[in-house]
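Asks: Next up is a structure, given as structure tokens.
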Amino acid sequence: MSTDASVPLAKNEDSPRGFAFALTAYLLWGFLPFYMKAVAHIPPAEVIAHRIIWSLPLAGVVLIVLGRTGDIRAALRSPRMLAMAALTASLITVNWGTYVWAIGAGHSLDAALGYFINPLFSIFLGAVLLKEKLQPLQIAAIALAGLAVAILAFDSGGIPWVALTLAVSWGFYALLRKTLPLGPNQGFFLEVLILSGPALLYILYLEFGSGQGHLYRTGLADTTLLLGCGVITAVPLMIYANGAKLLKLSTIGIMQYIAPTMIFLIAVFAFQEPLGTARMIAFPLIWAGLFFYSWSMLKGGRGR
Numbered sequence: 001m002s003t004d005a006s007v008p009l010a011k012n013e014d015s016p017r018g019f020a021f022a023l024t025a026y027l028l029w030g031f032l033p034f035y036m037k038a039v040a041h042i043p044p045a046e047v048i049a050h051r052i053i054w055s056l057p058l059a060g061v062v063l064i065v066l067g068r069t070g071d072i073r074a075a076l077r078s079p080r081m082l083a084m085a086a087l088t089a090s091l092i093t094v095n096w097g098t099y100v101w102a103i104g105a106g107h108s109l110d111a112a113l114g115y116f117i118n119p120l121f122s123i124f125l126g127a128v129l130l131k132e133k134l135q136p137l138q139i140a141a142i143a144l145a146g147l148a149v150a151i152l153a154f155d156s157g158g159i160p161w162v163a164l165t166l167a168v169s170w171g172f173y174a175l176l177r178k179t180l181p182l183g184p185n186q187g188f189f190l191e192v193l194i195l196s197g198p199a200l201l202y203i204l205y206l207e208f209g210s211g212q213g214h215l216y217r218t219g220l221a222d223t224t225l226l227l228g229c230g231v232i233t234a235v236p237l238m239i240y241a242n243g244a245k246l247l248k249l250s251t252i253g254i255m256q257y258i259a260p261t262m263i264f265l266i267a268v269f270a271f272q273e274p275l276g277t278a279r280m281i282a283f284p285l286i287w288a289g290l291f292f293y294s295w296s297m298l299k300g301g302r303g304r
């Protein structure tokens with residue numbers, strides 16, 4: 001939320017501008033696997049370090065343009081806010097790292113599954129941690145997601161850790177991010193600022209210590225791709241943050257399926273990842289759960 005009391009609260013209604021912003025962000029996220037595939041030959045830790053470093057100046061410029069740098073100065077003087085931002089920054093790093101590895105290692109379908117599961121895991125967290133009352137359709141949705149995970153675990157002989165790591169890390173990130181009294185742009189800047197020190201040291205070690213870095217040693221293509229990591233990280237997040245303020249929660253809830261649907265289609269048709277019998281059962285179960293979740297959300301919106 002904004003720390004500026006003079007900023008009026010957004011109305012709970014959709015706007016064409018908000019829809020355009022959110023759609024743009026989700027489409028950018030949906031096409032992101034192609035970019036991650038292009039950097040698959042670079043170790044995920046190095047890609048994440050560059051995502052952090054090159055996101056920082058972009059996020060900083062946005063705050064300067066918006067005139068919100070004072071929020072960051074206030075946050076840096078608050079130990080509690082810094083501790084919360086450090087925790088959310090750690091969770092988003094786990095999420096990014098898992099996603100980058102999954103795409104490069106040929107587990108794009110698992111990544112799509114994780115982001116399909118995410119909204120169902122979020123309502124589960126709300127019920128367990130925030131004592132939110134679940135509607136019957138929501139309980140059914142969570143049960144279907146649990147059944148899908150159980151089928152995948154039985155088929156593979158182990159838990160689908162990629163999908164669960166993505167869902168759990170993002171679910172807790174979103175939950176904790178709500179407790180951080182900063183706007184979305186300010187919060188993102190603070191997170192990458194906290195992460196920038198270790199990220200910069202790691203990049204310097206790779207480039208000048210071990211000689212294994214890809215920033216300038218392996219050609220112009222790698223340099224361009226690593227520099228572009230800031231754009232593909234910061235731009236969709238900030239576009240989404242501004243679009244979400246201009247849309248109903250139910251609209252955002254439905255639109256969040258755009259990106260994982262695109263990841264699923266890219267994995268099957270572009271990356272030629274095999275579905276297999278277990279996934280052909282699990283994905284429809286998840287989609288049925290998401291239908292129940294969306295229906296209950298829309299019914300709740302009409303009731304309000």
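The opening position of the sequence shown corresponds to residue 1 in UniProt numbering, with each subsequent residue numbered one higher. Where is the CB? At the ideal position from N, CA and C, for every residue including glycine. All values derive from a computational prediction rather than experimental measurement.
1) T233 and Y173: beta carbons closer than 7 Å?
2) When DSSP labels each residue in this structure, what does residue 312 get in the three-state scheme?
3) Under a three-way DSSP split, which group does P274 fall into?
4) Let me make sure I understand the geometry here. Which of M262, H214, L180 and I258 has the alpha-carbon closest to that of L76?
5) Quick one: what's got a C-beta closer than 8 Å to A5's C-beta in the same chain, skipping five residues either side?
6) By Cβ distance below 8 Å, which residues in the same chain neighbour L56 in space, the five residues on each side in sequence not counted?
7) What separation, rounded to the nearest whole angstrom, lies between the Cα atoms of D71 and I263?
8) Determine contact between the region 146-162 and the region 40-48, defined as no fewer than three beta-carbon pairs at a distance below 8 Å.
9) Taking only runs that begin and end inside the region 182-244, name each unbroken alpha helix (DSSP H) of 4 or more residues, in chain order.
10) Counting along the chain, where does the alpha helix (DSSP H) carrying Y115 start and finish?
11) For the candidate residues L249, R217 and T165, whose alpha-carbon lies nearest to that of A22?
12) Quick one: using the 10 Å Cβ neighbour count with 16 as the cut-off for buried, is Y216 buried or exposed?
13) Nearest to K37 by CA position, among I103, A148, F31 and L147, is which residue?
14) Hey, could you find the ends of the alpha helix (DSSP H) residue 307 is sitting in?
Replies: In brief:
1) no
2) The shown model of the chain, from 1 to 304, leaves out residue 312, and the question about it has no answer.
3) coil
4) By alpha-carbon distance to L76, the top candidate from M262, H214, L180 and I258 is L180.
5) Low local confidence applies: a pLDDT of 37 at A5 is under 50, so the model's placement there is unreliable, with the coordinate-based value given in what follows. Once the five neighbours on either side are set aside, A5 has no close Cβ partner at all.
6) These residues qualify, in order along the chain: F189, V192, L193, S196 and G230.
7) Approximately 35 Å between the Cα atoms of the pair.
8) no
9) 184-204, 220-227 and 229-244
10) For Y115, the enclosing alpha helix (DSSP H) begins and ends at S108 to L129.
11) L249
12) exposed
13) Distances from the CA of K37 to each of I103, A148, F31 and L147 were compared; the closest alpha carbon is that of I103.
14) Any answer about residue 307 is impossible in this case: the structure gives the chain only from 1 up to 304.
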